[in-house]
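Participant: Which chain is which? The protein sequence lines are A and B, in order.
Residues in the first sequence are numbered consecutively from 70, following our numbering.
Residues in the second sequence are numbered consecutively from 413, following our numbering.
Using N, Cα and C, we set each Cβ at its ideal position, and we do this for glycine too.
Given the structure is predicted, the values throughout are model-derived calculations rather than measurements.
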Amino acid sequence: GAVVSQHPSWVICKSGTSVKIECRSLDFQATTMFWYRQFPKQSLMLMATSNEGSKATYEQGVEKDKFLINHASLTLSTLTVTSAHPEDSSFYICSARSVGSTYNEQFFGPGTRLTVL
Amino acid sequence: GENVEQHPSTLSVQEGDSAVIKCTYSDSASNYFPWYKQELGKRPQLIIDIRSNVGEKKDQRIAVTLNKTAKHFSLHITETQPEDSAVYFCAASSTALIFGKGTTLSVSS
């Protein structure tokens, strides 16, 4: 149980284009999903917290107009990188917290490798 | 917000030795402290976690201790093996998980 999927697993795009990444909880409902970014040899950095049916909360320094997050259902959150540039190339990982969880256990997706040319 | 410090950044041990990684956190509201092992290009893999109402937890060769008063927690790996070589991250959470910067553990045979 507690499986989170991400799609696509990798994507290569041209500079200036937009890329959408999907994060799905397959066997549980998630009121809250989180988006992280990880650059090579660095830690996971929280980008935003996504709550079902409401606006996402972005961490300081993360541009909300560039990284659009939609959490339309209890099993799906999407991250759209708009007007992507080479510096946006990174490993993007989502996680999900189950409805009713007492502690903040989270389940991670497999990640999406984004390369912007 | 929460801030997590992790030390050391690199750790080299001989096979069979013990390895200890330490983390401190700043937010007293944090109540969940997981440890992850991450291989290159893959998602973090949960290896052990501890909740704020527990001081110590053990799972075979891995143990974690938590000192809420001092706001620090540690990962202990005994009888290390070459396959334990990886990057390890601690994290603390009251809402979102905030990660430490990671420790690269190398176990030589």
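(1) Should the stretch 76-95 of chain A be called in touch with the stretch 137-145 of chain A, which here means at least 3 C-beta pairs below 8 Å?
(2) If you draw a straight line from the alpha carbon of Q111 of chain A to that of P155 of chain A, how long is it in whole angstroms?
(3) So which residues of chain A does G514 of chain B contact, with C-beta pairs closer than 7 Å?
(4) Just grab the DSSP bridge partners of S486 of chain B for me.
(5) Is there a Cβ from chain A that is less than 8 Å from the Cβ of F485 of chain B?
(6) Is P494 of chain B helix, strand or coil when you go by DSSP?
(7) By alpha-carbon positions, which one of B:E495, B:N479, B:S521 ends up nearest to F445 of chain B?
(8) Considering only the alpha carbon of each residue, which of B:S520, B:V519, B:K513, B:E451 lies closest to H419 of chain B?
(9) Starting from the C-beta of I162 of chain A, find all residues in its chain whose C-beta is less than 7 Å away, skip the five residues before and the five after it, and write them out in chain order.
(10) In whole angstroms, what is the alpha-carbon distance linking P77 of chain A and S158 of chain A?
(11) Starting from T422 of chain B, find everything on chain A with Cβ-Cβ shorter than 9 Å and list it in chain order.
(12) What residues from chain B crowd round Q175 of chain A, counting only those whose CB sits closer than 7 Å?
(13) Please check if any C-beta of chain A sits within less than 8 Å of the C-beta of Y500 of chain B.
(14) Could you please give me the residues that DSSP links to H154 of chain A through a beta bridge?
(15) Rounded to the nearest angstrom, how far is the Cβ of S438 of chain B from that of K483 of chain B, given a contact under 8 Å?
(16) So A504 of chain B packs on E417 of chain B, CB below 8 Å; how close in whole Å?
Facilitator: According to the structure shown:
(1) The way I'd put it, the stretch 76-95 of chain A does touch the stretch 137-145 of chain A; three or more beta-carbon pairs between them come closer than 8 Å.
(2) For Q111 of chain A and P155 of chain A, the gap between their C-alpha atoms comes out near 17 Å.
(3) What G514 of chain B touches in chain A, judged by beta-carbon distance under 7 Å, is S112, going in chain order.
(4) Within the DSSP secondary-structure output, S486 of chain B pairs in a beta bridge with B:K434, B:T477.
(5) At a cut-off of 8 Å, the C-beta of F485 of chain B has no neighbouring C-beta in chain A.
(6) Reduced to three states, the DSSP call for P494 of chain B is helix.
(7) Here the closest residue by C-alpha is B:N479.
(8) H419 of chain B has its Cα closest to that of B:K513, out of B:S520, B:V519, B:K513, B:E451.
(9) Annotation for I162 of chain A: Y105, Q107, L113, F177, G178, G180 place their beta carbon closer than 7 Å to its own, counting only its chain and skipping 5 residues before and after.
(10) The alpha-carbon separation between P77 of chain A and S158 of chain A amounts to approximately 14 Å.
(11) Going along chain A, no residue has its Cβ under 9 Å from T422 of chain B, so there is no contact; the nearest lies around 11 Å.
(12) Neighbours of Q175 of chain A in chain B, taken as residues at a C-beta separation under 7 Å, are given in chain order as L509.
(13) Y500 of chain B does not count as touching chain A.
(14) Secondary-structure assignment with DSSP links H154 of chain A through no beta bridge to anything.
(15) Their Cβ separation, rounded to whole angstroms, is 7 Å, which keeps S438 of chain B and K483 of chain B in contact under 8 Å.
(16) Actually they do not touch by this definition, with Cβ atoms about 10 Å apart.
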